[in-house]
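2 protein chains.
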Amino acid sequence: MSGLHCELCADVRISACPQGAAKPYKDVINVSWGDPHRGGLKPLTFVRQVLAACFYPELLDSSKLPLDAKQRAEWLLERCEGSSVGCYTSTAGISDVVHRVSEFIRRRDGGVPSHPKNIFITCGSQWALTNILKILVDSEASPRAGVLVPAPGHSTTVWSVTGQGAVVVPYYLCEEEGWALKVEELQRALDSAEGVCKPVALYVINPGNPAGLVQSRESMEEVIRFASEKKLFLLADEVYQDYIYGEGSRFISYKKVVAEMGAPLSDSVQLASFHSASKGMMGECGLRGGYVELLNLDPAVMEYVYKIFSIGSCGSVSGQLALDIMSSPPQPGDSSYPLYEQTPVCTLVHNVKTASEVLNRLPGLSCQPGDGGAFLFPRVDIPPKAIQRAQEAGIEPDTFYCVKLLEEAGVLVSPGCDFTQKEGTHHIRLCTLVCSDVFEELLRRLSNFQTNFMKDFS
Amino acid sequence: MSGLHCELCADVRISACPQGAAKPYKDVINVSWGDPHRGGLKPLTFVRQVLAACFYPELLDSSKLPLDAKQRAEWLLERCEGSSVGCYTSTAGISDVVHRVSEFIRRRDGGVPSHPKNIFITCGSQWALTNILKILVDSEASPRAGVLVPAPGHSTTVWSVTGQGAVVVPYYLCEEEGWALKVEELQRALDSAEGVCKPVALYVINPGNPAGLVQSRESMEEVIRFASEKKLFLLADEVYQDYIYGEGSRFISYKKVVAEMGAPLSDSVQLASFHSASKGMMGECGLRGGYVELLNLDPAVMEYVYKIFSIGSCGSVSGQLALDIMSSPPQPGDSSYPLYEQTPVCTLVHNVKTASEVLNRLPGLSCQPGDGGAFLFPRVDIPPKAIQRAQEAGIEPDTFYCVKLLEEAGVLVSPGCDFTQKEGTHHIRLCTLVCSDVFEELLRRLSNFQTNFMKDFS
Chain A
1 MSGLHCELCA DVRISACPQG AAKPYKDVIN VSWGDPHRGG LKPLTFVRQV LAACFYPELL
61 DSSKLPLDAK QRAEWLLERC EGSSVGCYTS TAGISDVVHR VSEFIRRRDG GVPSHPKNIF
121 ITCGSQWALT NILKILVDSE ASPRAGVLVP APGHSTTVWS VTGQGAVVVP YYLCEEEGWA
181 LKVEELQRAL DSAEGVCKPV ALYVINPGNP AGLVQSRESM EEVIRFASEK KLFLLADEVY
241 QDYIYGEGSR FISYKKVVAE MGAPLSDSVQ LASFHSASKG MMGECGLRGG YVELLNLDPA
301 VMEYVYKIFS IGSCGSVSGQ LALDIMSSPP QPGDSSYPLY EQTPVCTLVH NVKTASEVLN
361 RLPGLSCQPG DGGAFLFPRV DIPPKAIQRA QEAGIEPDTF YCVKLLEEAG VLVSPGCDFT
421 QKEGTHHIRL CTLVCSDVFE ELLRRLSNFQ TNFMKDFS
Chain Z
1 MSGLHCELCA DVRISACPQG AAKPYKDVIN VSWGDPHRGG LKPLTFVRQV LAACFYPELL
61 DSSKLPLDAK QRAEWLLERC EGSSVGCYTS TAGISDVVHR VSEFIRRRDG GVPSHPKNIF
121 ITCGSQWALT NILKILVDSE ASPRAGVLVP APGHSTTVWS VTGQGAVVVP YYLCEEEGWA
181 LKVEELQRAL DSAEGVCKPV ALYVINPGNP AGLVQSRESM EEVIRFASEK KLFLLADEVY
241 QDYIYGEGSR FISYKKVVAE MGAPLSDSVQ LASFHSASKG MMGECGLRGG YVELLNLDPA
301 VMEYVYKIFS IGSCGSVSGQ LALDIMSSPP QPGDSSYPLY EQTPVCTLVH NVKTASEVLN
361 RLPGLSCQPG DGGAFLFPRV DIPPKAIQRA QEAGIEPDTF YCVKLLEEAG VLVSPGCDFT
421 QKEGTHHIRL CTLVCSDVFE ELLRRLSNFQ TNFMKDFS
């Protein structure tokens, strides 16, 4: 792990920074990000070889690259305008890549049809979400539009919604039941919006972030029925779909469930499903490649969607190439196949299991194990004395905890207050997609710290 | 040039498509885009070598790459988190790259200070513009916010403005005087907004698109004074700054002029200046690398700017690497220096000179020569008979002209109606950054077509 510098502190919005004074640790373990390569996941060789050859086609003659990587690069270059990754592509992405993404979706969903015309590749799924919100939210409407958003949830989701002039309507996941999504709570949230805003959409993230919830089919069906009854557009963030590790858990897409519920739901529920090359086996966050697939939108609205996406010209070509490989990875028999198969899920299983055991044994800490995603969101019972100290410093109690954890143990996590949490509860978020030896060192540091923290402030 | 396919037609929004019937041309010359590599500009070898090595660091041992490319790649990889281009960067971009961009600006502007903290790298300058508009436009304000936008101007600018819920207030450039920007016309536009909206910003593009205007320092000073007096935020789109070819013309940035006008203007005029790796010598549109530099914004607003930009996580790393090379290109003595120096401007000079001579000799066509940028925007006097035919087809007269030009001569240009033009005038836009032999063939086809078109419809 690289050492901590101030800019990084700024990014997680922790005000203290361990400069100057000597510290009882050599380096900082930073698990505040969901960034697989930073956590130690190796870039996939095939992805990088294909990209290198696309950027510098002279390498197509090189013996440094295997045949299948060169063939893929040639195939992709033929599909770039002017045979250059430096050309704009169509607004929705390179046509044949969009087709392969739709084939990937169809295979993933056991044959449920997917139409390339409903898919837009963008510079990351978050940007796709912003564009879709732009379409859903009439910023001049009165009352204002509202979007149901999970709590805990990611702060960029909140900013995306408020940035469009819409109101965030939080619905709370049930921590005691492994952060379950309950329809009664969706109803409560909807009722709470009465007189404040007019909810137009329901955002779900499955698997979750920061809570490691993986929804069951039954739960998804309930959510879909609810969205249909209340005429809410379903925004399904499914970027963590490859990270499933809970026993008996499996990823099912909202698209598949909607389709399999049959008419009238399958013809009427409006859905946007988001995915990305930033997570999964390749974890290529820096390439900025994501996509959205849309379902049941009116053709006139689709024209407007096209216009909105065209403002940004097109997605990054490197991200598009990564999505092509994600959609059509090397197959058994291809020379790159053996090297392609990474197992981030093994790391996740190991880390999450160890963390649950260790954290739940510590005083003042409890941790839902989670079934998927790349994060844990343990609850911290912060003693009154520590809360008072935080108030004196003018910061949130869990920010105070995180600053102390950073200063005293060299562990950088995100405070729960960044993610919206039930009043009176405090949490920390930590990324679990980290080399297991580093993660174990992190747990050792956190354990010592927690024991001392509880002693110091009790 | 590649053959035309329907998707391309859709992108320039021309409804007819030459399918089926035999055509009197072998291929379509497409000059409807501002895409240097598509037009035949070769990717710069150094850029591609550095990118290839960053994506696949095993190439750092390769004899295929020159030493300076490998050294640059090593330097850049050291600055990527986890030494991987697959990691997220800071919201504003890789810190040292942002620093180099600011040094580039300082050198370009003859020493006028540039502060890295005011620079945000994004997935293209258009996205940066959208984000800045988000900050300027209160979508709930009554009367609505307005933005002064040139006519002719690019349609994505119009969509960016209207997409934020603001009103486009067009100001017309003076075609007869080489598309000059006149302050009287800015005043007229401002007056026209009375009772409609409250103008908050003035967007200028220098050098122009589609009109090849390059502003003089005097004209810029007038614009700056006007913006200051009327309390308008200045949005300066300067992505074509490397394409200057008019005799005696030179590019001066708005930032430099504002600074050199001294206090109180230099301390008060709020400015956003946009630039990009998509144009200039490298023309890497597909990498999606652009930046915005902000001037005189309140620190509290800058915090909000940071938040807005952080929604998209960060710019594409490939675009960031390209911006680093744009900012710090190989120097004399470096092994890659001789190969680095492309001269797109020679092509532009040749093409624009030839086009002005040829087009101005044709019946019904007139063309301002332009001093910069990558486009010509000739005026077409469409005969009444042709206008009637267009009306019968339910399309704009210049769209009708473009469809005929495509069908009969295999030349794809954009209709002027896509760019806002004075009522009763018609234009076409064509990209001049095209290999000169292709451009000459285009002029031959256009000449024959124009002669026949005038005969057929007179």
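Protein chains in written order, with UniProt numbering: chain A, 1 to 458; chain Z, 1 to 458.
Cβ coordinates follow ideal geometry from the N, Cα and C atoms, glycine included.
- Of the other Cβ atoms in all chains shown, fewer than 16 fall within 10 Å of the Cβ of Q331 (chain A); this residue is therefore exposed.
- Counting only runs of 4+ residues, the alpha helix (DSSP H) found wholly inside the segment 141 to 199 of chain Z occupies 155 to 163 and 183 to 192, in chain order.
- C431 (chain A): member of the beta strand (DSSP E) spanning I428 to C431, first to last residue.
- Around R72 (chain Z), the same chain offers V50 as residues with beta carbons nearer than 6 Å, after the five sequence neighbours per side are excluded.
- Relative to F375 (chain A), the option among A:Y337, A:A390, A:R429 and A:D418 whose CA is nearest is A:R429.
- Residue pairing from DSSP places I29 (chain Z) in a beta bridge opposite Z:V411.
- The three-state secondary structure of I121 (chain A), taken from DSSP, is strand.
- Remark: C-beta atoms of V269 (chain A) and S228 (chain A) approach each other more closely than 8 Å.
- The C-beta of P338 (chain Z) has fewer than 16 other C-beta atoms within 10 Å across all chains shown, which makes the residue exposed.
- Listed as beta-bridge partners of H275 (chain Z) by DSSP are Z:Y291.
- Here T432 (chain Z) is buried. Its C-beta has 16 or more other C-beta atoms within 10 Å.
- In the DSSP annotation of this structure, the continuous segment of the beta strand (DSSP E) that includes L235 (chain Z) starts and ends at F233 to D237.
- Less than 8 Å divides the Cβ of A272 (chain Z) from the Cβ of I132 (chain Z).
- Contact residues of the segment 19 to 41 of chain Z toward chain A are W33, D35, H37 and R38 (C-beta to C-beta distance below 7 Å).
- For K307 (chain A), the neighbours in chain Z by C-beta distance under 7 Å run, in chain order, W159.
- Counting only runs of at least 4 residues, the segment 330 to 407 of chain A fully encloses the following alpha helix (DSSP H) elements, listed from N- to C-terminal order: 337 to 340, 344 to 361 and 384 to 393.
- Chain order gives no chain Z residues near P384 (chain A), where near means a beta carbon separation below 8 Å; the closest approach is about 32 Å.
- Just so you know, the alpha carbons of L181 (chain A) and A151 (chain A) end up roughly 10 Å apart.
- I105 (chain Z) is not bridged by DSSP to any residue.
- Look at the segment 111 to 140 of chain Z: the residues with a C-beta under 8 Å from a C-beta of chain A are C123, G124, Q126, W127, T130, K134, S139 and E140.
- At a cut-off of 8 Å between beta carbons, C402 (chain A) makes no contact with chain Z.
- Minimum Cα-Cα distance from A322 (chain Z) among the listed residues A:S318, A:I325 and A:A322 corresponds to A:S318.
- With contacts defined by Cβ atoms closer than 8 Å, L148 (chain A) and P207 (chain A) do not form a contacting pair.
- A263 (chain Z): not part of any alpha helix (DSSP H); DSSP gives it neither H nor E.
- Neighbours of I311 (chain Z) across chain A, judged by C-beta separation under 7 Å: Q126, T130, T156, W159, S160 and G163.
- Partner residues in the beta bridge of V204 (chain Z), as assigned by DSSP, are Z:A236.
- Proximity to G289 (chain A) across Z:S276, Z:I252 and Z:S313 peaks at Z:S313, based on C-alpha coordinates.
- Non-local beta-carbon contacts of P210 (chain A) in its own chain, meaning distances under 6 Å to residues more than five positions away in sequence, involve P152, F375, F377, F419 and R429 in chain order.
- Near chain Z, meaning a CB-to-CB distance below 7 Å, the residues of the segment 316 to 337 of chain A are S316, V317, S318 and G319.
- When only Cα atoms are considered, D398 (chain A) and K404 (chain A) end up about 10 Å apart.
- Contact annotation: the segment 98 to 117 of chain A touches the segment 241 to 256 of chain A, with at least three C-beta pairs closer than 8 Å.
- For the pair of segments examined, the segment 25 to 36 of chain Z was found to touch the segment 279 to 286 of chain Z: the number of CB pairs separated by less than 8 Å reaches three.
- Across the structure, A53 (chain Z) and A52 (chain A) are spaced so that their CA atoms are roughly 7 Å apart.
- Listed as beta-bridge partners of I244 (chain Z) by DSSP are Z:G372.
- A direct Cα-to-Cα measurement between E341 (chain A) and G283 (chain A) gives close to 13 Å.
- Nearest CB-CB separation between G373 (chain A) and chain Z: not below the 8 Å threshold.
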